[in-house]
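Asks:
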Amino acid sequence: MDGESLLDHTYYMGAHLKVWEWRKREEVEAEPEAVLKELNKSSKK
338 MDGESLLDHT YYMGAHLKVW EWRKREEVEA EPEAVLKELN KSSKK
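In our numbering, the protein residues as written are 338 to 382.
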């Protein structure tokens, strides 16, 4: 922590964690859609 206060460091880490959580949530929400698309493709054959 080069000259940063502990509060600055905590805020920075918290912001990154929140971005990571959102990214994970988006991946989880996108997964069922991808599975449904694959099922629809295979059922049309």
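Glycine included, C-beta positions come from ideal geometry on N, C-alpha and C.
1) Tell me the residue span of the alpha helix (DSSP H) that contains S380.
2) Under three-state DSSP, which class holds G340?
3) In whole angstroms, what is the alpha-carbon distance linking K374 and V365?
Replies: In short:
1) L343 to K381 is the span of the alpha helix (DSSP H), which, as asked, contains S380.
2) Residue state, collapsed to three classes: coil.
3) Between the alpha carbons of K374 and V365 lies a gap of roughly 15 Å.
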